[in-house]
Each structure stands twice: as C-alpha cells, then as structure tokens.
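Report on the following structure.
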Amino acid sequence: MSESTRARILAIADEIGWRPNSAARALNGARANAIGLALCRPARILGMEPFFMELISGLEAELSARSCALMLQVVRDHDAEIAVYHRWWGEGRIDGAIVVDLHMDDPRVPVLESLGMPAVVVGDPSGSGSLVSVWSDEPAAVRETVQYLAALGHRRIARVAGLPKLMHTAIRDRAFSEAGAGLESCVTVHTDYTGEEGARATRRLLSAPHRPTAIVYDNDIMAVAGLSVAQELRLTVPTDLSIVAWDDSPLSQVVRPPLTALSRDIPAYGGHAAQLLLSLIDGTEVMALEDQAARLNPRGSTGPPPA
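The opening position of the sequence shown corresponds to residue 2 in the numbering used here, with each subsequent residue numbered one higher.
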C-alpha cells in the first residue's frame with residue numbers, strides 16, 4: 002500500500018486504541034514479549050509473603066526495561082502448573098518462564114526440558130537438571146547463624162522450618178543438623194510457612210521440658226508469630242529466648258525488639274533471574290549463577306542464653 006494509506010490506517014488505529022494481537026503475532030513466529038511465573042501457593046498466603054513480593058519486584062524491574070510483561074498465575078499443584086506451561090508455550094503466550102520452589106525430584110524439570118522452552122530455576126543447581134539456575138549458598142548462611150548463637154552461649158537451638166519437600170528446606174535441614182552436631186540439642190520442626198503454623202510449632206517447642214534458648218525461623222512471618230508466642234508465655238526476648246528470622250524485611254525491623262535476620266537483596270535476586278532468562282530468549286548461552294549468600298544482621302532479638 003502507499004505510504005499515505007498506511008499513515009491514515011495507523012492514525013485511525015491509534016485513535017481507536019487498537020494494538021496488534023499477541024496470539025496472532027505468535028502464529029507468525031513473533032515474540033510474545035512476556036515471561037511466565039506460576040506459583041504453587043495459596044493466594045491468601047502469597048499476599049503475606051514478603052519474599053515473593055520482593056522477588057517479583059526484581060523481575061518486573063528488569064522486564065519493564067525491556068517492555069516485557071510478567072504473566073503470573075497461582076496454581077493448586079504441580080500437575081496444574083505443568084498444564085499451564087503447556088498451554089502458555091503452545092499458544093505462544095510467553096517466551097520463557099521463571100520456576101520457583103524447586104522440589105526434591107521435581108517433576109516440572111523434565112517437562113520443561115522436553116518442551117524446549119527457555120526457563121530459569123530459582124533454586125539449587127543440583128535439582129534443576131539441564132535448566133539454568135540462580136541460587137545462593139544456603140549452608141553457609143545456616144553455619145553462620147548457628148555459630149553466632151553458639152558463640153553467644155546457646156546450646157539448645159531449634160529451627161522452625163518450611164515444607165520438607167522443598168529442596169532449599171532439605172538443604173537447610175542438613176546444614177543445620179551438621180552445624181549443630183556439637184550442641185546439646187538441635188531440633189528442626191517443619192511447617193507450611195504460615196504464621197499460624199509457626200506459632201503452633203513455637204508453642205510446642207517452648208512447652209517442652211528442656212525448651213530451646215534460641216529459635217531460627219525459615220521466614221519473617223513465622224519469626225514474628227514466634228515472638229508473639231514468647232510474649233504470650235511471658236518470656237522476654239532476648240533474655241529468655243533469642244529469635245532469628247530468615248530473609249530480612251520491614252516486618253522484622255518494626256517489631257520490638259527488632260529481629261536479628263538473615264539479609265539478602267531479594268529484588269536483585271529476581272533481577273538476576275530475569276536477566277538470565279532474557280539472555281536465553283535472545284539465544285545467548287548462559288551459565289548458572291551463584292548469587293550472594295544471606296548475611297546475618299544482628300539486632301535486639303538475640304543475646305546470651307539465661308543463666
């Protein structure tokens with residue numbers, strides 16, 4: 002068509018707000034300019050998880066700079082998540098995916114490998130198969146925490162952990178057991194990451210005959226719930242009980258006393274995952290990335306054990 006006709010058509014399209022259909026463009030081999038993130042978590046819990054909100058903010062920061070959208074869907078289980086990947090990829094809705102909450106013998110990994118879809122796993126490379134991964138040294142953070150509490154004089158340390166089927170939970174379990182081998186007591190209790198389960202686990206631990214003098218929590222929500230239980234039982238933190246939260250957040254800092262926490266730049270973590278995925282989509286060969294390990298940030302919730 003002539004340039005004048007083309008200009009008139011584009012002007013009318015702009016006036017009525019028309020945009021190219023992404024599905025139709027996909028049929029011609031064009032990019033979707035979107036990546037997928039399926040989360041196998043209850044929606045009500047997801048809204049309370051600072052980790053995922055910060056991870057998504059990091060993903061968005063990188064994607065928006067490339068005019069790439071993030072397609073987010075909450076699913077009930079791995080079968081539903083796998084079905085979502087098949088649909089997204091088959092319909093050309095996404096150019097690749099970010100995979101989180103890696104499980105032991107994760108069924109999603111071989112499916113994504115067979116699809117040939119660009120994917121980056123936020124998790125340990127030992128469980129990501131041939132998929133590119135972004136991870137941090139979980140055992141190093143566990144060792145630093147246990148050594149710090151032991152140096153304060155604690156000999157009975159407990160950990161309120163997340164779901165045992167998650168790979169990072171299993172890695173932390175093993176590291177915690179090894180780091181606490183010389184202590185009087187080193188106990189791990191598994192939960193579902195919610196404040197309710199964190200509080201219930203804390204009550205059981207603090208009601209035991211030889212209760213722990215320090216508890217490490219696998220997220221900040223459970224740590225804050227544990228602090229409330231300690232106060233409910235008229236225990237003073239840190240005089241009677243020391244508390245450490247994994248993954249620092251504003252929530253950890255606004256409670257009293259502010260919580261000693263394992264800190265890391267989670268938005269940067271998400272940004273690095275997005276960068277790797279965008280490079281994969283561009284056809285660039287990329288390697289797995291070890292991100293910065295969490296560092297202990299001591300605050301008012303830790304101190305020497307009671308005499």
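Cβ atoms here follow ideal geometry from the backbone N, Cα and C, with glycine treated the same way. Model, not experiment: these values are computed from the prediction.
Three-way DSSP call (helix, strand, coil) for residue i in this model
i, result
"residue 242", "coil"
"residue 191", "strand"
"residue 263", "strand"
"residue 253", "helix"
Short Cβ contact (9 Å threshold) for residue i with residue j
i, j, result
"residue 304", "residue 257", "no"
"residue 42", "residue 279", "no"
"residue 123", "residue 110", "no"
"residue 158", "residue 150", "yes"
"residue 130", "residue 85", "no"
"residue 246", "residue 237", "no"
"residue 101", "residue 40", "yes"
"residue 156", "residue 299", "no"
"residue 103", "residue 128", "yes"
"residue 243", "residue 262", "no"
"residue 99", "residue 35", "no"
"residue 224", "residue 189", "no"
"residue 125", "residue 139", "yes"
"residue 62", "residue 271", "yes"
"residue 144", "residue 182", "no"
"residue 76", "residue 147", "no"
"residue 106", "residue 160", "no"
"residue 195", "residue 49", "yes"
"residue 116", "residue 275", "no"
"residue 64", "residue 71", "yes"
"residue 213", "residue 186", "yes"
"residue 93", "residue 33", "yes"
"residue 221", "residue 241", "no"
"residue 297", "residue 287", "no"
Those residues which DSSP pairs with residue i across a bridge
i, result
"residue 291", "136"
"residue 74", "39"
"residue 298", "262"
"residue 122", "100 and 134"
Cβ of residue i within 9 Å of any chain B Cβ
i, result
"residue 206", "The structure shown has no chain B; it contains just one protein chain."
Item checked: Stretch-stretch touch, CB-based, cutoff 8 Å, three pairs: the stretch 259-271 with the stretch 189-208 -> no
Item checked: Unbroken stretches of the alpha helix (DSSP H), 4 residues or longer, contained in the stretch 41-120 -> 44-47, 51-66, 79-91 and 109-116
Item checked: At least 3 beta-carbon pairs within less than 8 Å: the stretch 281-291 vs the stretch 239-256 -> no
Margin query: For a minimum of 4 consecutive residues, which ranges assigned as the alpha helix (DSSP H) are wholly contained in the stretch 154-219?
Written below: 168-180 and 196-207
Check: With a cut-off of 8 Å, do at least 3 Cβ pairs link the stretch 70-81 to the stretch 286-298?
Finding: no
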